Amino acid sequence: MLEESQEKEINQEHDKSYKVFLTHKKSFIELLQSFVAEEWVKIIDEEALELVNKSFILKDYEDREADIVYRLNIKGKEVYFYVLLELQSTVDFTMPFRLLIYMTELWKMIFSNTDENERKKKGYKLPAVIPMVLYNGSHNWTAKMNFKEMQDGYELFGDHILDFEYILFDVNRYEEKELLKIGNLIAAVFMLDQKGDDNKFIERFYKIITIIKNVSPEQWIKFKNWLKRIMIPSLSEEKKTEIDWIIDNTDLWEVDKMVMNLEVTLGEIQKKAELRGREEGRIKERQEIILNMLRQGIDSNIIQSVTKATIEEINKAKQMVN
Numbered sequence: 038m039l040e041e042s043q044e045k046e047i048n049q050e051h052d053k054s055y056k057v058f059l060t061h062k063k064s065f066i067e068l069l070q071s072f073v074a075e076e077w078v079k080i081i082d083e084e085a086l087e088l089v090n091k092s093f094i095l096k097d098y099e100d101r102e103a104d105i106v107y108r109l110n111i112k113g114k115e116v117y118f119y120v121l122l123e124l125q126s127t128v129d130f131t132m133p134f135r136l137l138i139y140m141t142e143l144w145k146m147i148f149s150n151t152d153e154n155e156r157k158k159k160g161y162k163l164p165a166v167i168p169m170v171l172y173n174g175s176h177n178w179t180a181k182m183n184f185k186e187m188q189d190g191y192e193l194f195g196d197h198i199l200d201f202e203y204i205l206f207d208v209n210r211y212e213e214k215e216l217l218k219i220g221n222l223i224a225a226v227f228m229l230d231q232k233g234d235d236n237k238f239i240e241r242f243y244k245i246i247t248i249i250k251n252v253s254p255e256q257w258i259k260f261k262n263w264l265k266r267i268m269i270p271s272l273s274e275e276k277k278t279e280i281d282w283i284i285d286n287t288d289l290w291e292v293d294k295m296v297m298n299l300e301v302t303l304g305e306i307q308k309k310a311e312l313r314g315r316e317e318g319r320i321k322e323r324q325e326i327i328l329n330m331l332r333q334g335i336d337s338n339i340i341q342s343v344t345k346a347t348i349e350e351i352n353k354a355k356q357m358v359n
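Take any residue in the sequence shown, note its place counting from 1, add 37, and you have its number in our numbering.
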């Protein structure tokens, strides 16, 4: 239960961090323009994009995910972008149905907030809602992409079946070359968020230094907060304090210095861990020798002379033998 609780905390922190990052309008537009191959992404005006301060997540899922809602006026048309942050280790196959619930709640809110006389007009229309899912799990995304495919017998009824297809951002499926070619902050974040150990993290960081140096000061602050929330919780207690200090005390023009400091610090911590491991191995090996000698009835003084063990170690071994 403890491991499950810790995993939930990590997922929640991950969700919140992505949410903080993507509620920055420029970063959100970069997400769309970099990973959505549609003509309409090219004409999105940042000034016309408005963040909606409202969440539609069901209570049962509040500890597992987060969402982001943007409103946009594009060519005189009103559209809402609904982004579900599904940052879990496993795939939820009910995703199309859950998205439908959230989209319906959004439409209900818009409808109820519209003047009744306006709603009764012949030309009244609900705004379009574009559903999206951002997923960073290690498993391939195998949930249905179209809502109709969740309905039994949908093939029989053609256009009479309710349908929509959501946009998927699958963080771990993007190739490193592709992300480097895109060359913006959201691509750099995706690259750092892909699975790997500390060494892989540092290797990737070196590759994105040029990208990071070109972001705006506001994006840099968002990025540092994301970095602190995502990287640090996954580290051992020994690493957390030092890495936290390095990130906090780096400005936008010292990114390469920060990476060097991270590399040195992680290297030193790794060396210490290896030394501890070897020492623990020697202690365990000596303990086995002492136990074997005691079982053979060899005198404690001889054992101490041969193994260089302390009296305390030998007495402890005697208790184990007894």
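Here a beta-carbon is modelled for each residue, glycine too, at the ideal position from N, C-alpha and C.
This structure is a prediction, so every number in the text was calculated from the model and none was measured.
Nearest-angstrom Cα separation, counted from SER175 out to SER42: For SER42, the pLDDT reaches just 44, beneath the cut-off of 50, and the residue's location in the model is therefore unreliable, leaving the point undetermined.
Have a look at TYR98, LYS185 and LYS62 and flag the residue whose alpha-carbon is nearest the alpha-carbon of GLU83. When each option's Cα is compared against that of GLU83, the closest is LYS62.
Looking at C-alpha atoms only, which residue of GLU325, ASP281, GLU153 and THR247 is the closest neighbour of ASN262? ASP281 is the residue among GLU325, ASP281, GLU153 and THR247 whose C-alpha sits nearest the C-alpha of ASN262.
Between the Cα of THR247 and the Cα atoms of TYR55, PHE72, ILE258 and LYS218, which residue gives the shortest distance? The shortest C-alpha separation from THR247 is found at LYS218.
Mind checking who TYR114 pairs with in its DSSP beta bridge? The displayed chain sequence assigns Lys, not Tyr, to residue 114. According to DSSP, LYS114 bridges with ILE111.
Can you tell me whether MET169 is helix, strand or coil according to DSSP? In the structure shown, MET169 sits in a strand (DSSP, three-state: E or B).
Continuous beta strand (DSSP E) stretch holding VAL252: start and end: That residue, VAL252, is in no beta strand (DSSP E); it is neither H nor E in DSSP.
Measuring straight from C-alpha to C-alpha, what distance separates GLU213 and ILE66? If I take the Cα positions, the gap works out to 21 Å.
In chain order, what residues of the same chain have a beta carbon less than 7 Å from the beta carbon of ILE326, not counting five sequence neighbours either side? Setting aside the 5 residues that flank it on each side, ILE326 is surrounded in the same chain by THR344, each with a C-beta closer than 7 Å to its C-beta; the list follows chain order.
So within the stretch 192-222, which uninterrupted beta strand (DSSP E) runs reach at least 3 residues, ignoring any that extend past its ends? Here the runs fully enclosed are 204-207.
Does the beta-carbon of ALA354 have 16 or more other beta-carbons within 10 angstroms, so that it is buried, or is it exposed? The Cβ neighbour count for ALA354, taken over all protein chains shown within 10 Å, is at least 16; the residue is labelled buried.
Is the Cβ-Cβ distance between MET182 and TYR203 less than 8 Å? In this structure, TYR203 lies closer than 8 Å to MET182 by Cβ.
Quick check on DSSP: helix, strand or coil for TYR119? Strand, per DSSP.
Candidates ILE80, LYS145, LYS185 and LYS114: which alpha carbon is nearest ALA165's? Minimum Cα distance to ALA165 is reached at LYS114.
Suppose you measure from the CA of LYS5 to the CA of ALA103; what does that come to, to the nearest Å? Here the chain covers residues 38 to 359 and nothing more, so residue 5 does not appear.
Where does the unbroken beta strand (DSSP E) through VAL89 begin, and where does it stop? Bounds of the beta strand (DSSP E) holding VAL89 are 86-89.
Shortest alpha-carbon distance to VAL170 belongs to which of LEU88, LYS145 and THR179? Comparing alpha carbon positions, the residue from LEU88, LYS145 and THR179 closest to VAL170 is THR179.
Excluding sequence positions up to five away, which residues of its chain have a Cβ less than 7 Å from the Cβ of THR127? Its chain contains GLY174 and HIS176 as the residues whose beta carbon lies nearer than 7 Å to that of THR127, once the 5 sequence neighbours on both sides are disregarded; these appear in chain order.
Is VAL358 near ARG319, with beta carbons less than 8 Å apart? No, the Cβ-Cβ distance between VAL358 and ARG319 is not below 8 Å.
Would you call GLN356 buried or exposed, if buried means 16 or more other Cβ atoms sit within 10 Å of its Cβ? Looking at its Cβ environment, which holds fewer than 16 other Cβ atoms inside 10 Å, GLN356 is exposed.
May I have the straight-line CA-CA distance separating MET38 from GLU87, to the nearest angstrom? Low per-residue confidence applies at MET38: pLDDT is 39, beneath 50, and the placement is therefore not dependable, though the value from the model is reported in the following sentence. MET38 and GLU87 have their C-alpha atoms some 40 Å from each other.
Environment of LYS145 [buried if 16+ CB atoms lie within 10 Å]: LYS145 should be labelled exposed.
So, with DSSP's three-state summary, where would you put ILE94? In this structure, ILE94 counts as coil in the three-state DSSP scheme.
Are the beta-carbon atoms belonging to ARG101 and GLN70 less than 8 Å from one another? With respect to GLN70, ARG101 sits apart: the two C-beta atoms are not nearer than 8 Å.
Of the residues TRP257, MET187, LYS112 and LEU121, the one placed nearest VAL106, counting alpha carbons only: With distances taken between Cα atoms, VAL106 lies closest to LEU121.
Is the Cβ-Cβ distance between PHE242 and LEU222 less than 8 Å? At the C-beta level, PHE242 and LEU222 stay beyond 8 Å of one another.
Classification of GLU46 by the beta-carbon crowding that lies within 10 angstroms, buried from 16 upward: Residue confidence is low: GLU46 scores 49 on pLDDT, short of 50, so the model does not pin down where it sits. No coordinate-derived value is stated.
Could you say which of LEU109, GLU153 and PRO168 lies nearest to MET140 if we only look at CA atoms? Selected option, being the one with the closest Cα: PRO168.
Here's the rule: buried if 16 or more other CB atoms are within 10 angstroms of the residue's CB, otherwise exposed. What is ILE36? Within the shown structure, residues of the chain are numbered from 38 to 359, placing residue 36 beyond reach of any answer.
Return helix, strand or coil for ALA180, following the three-state DSSP convention. If DSSP states are grouped into helix, strand and coil, ALA180 belongs with coil.
Looking at ILE284: is its Cβ nearer than 8 Å to the Cβ of SER54? For the 8 Å CB-CB criterion, ILE284 and SER54 do not form a contact.
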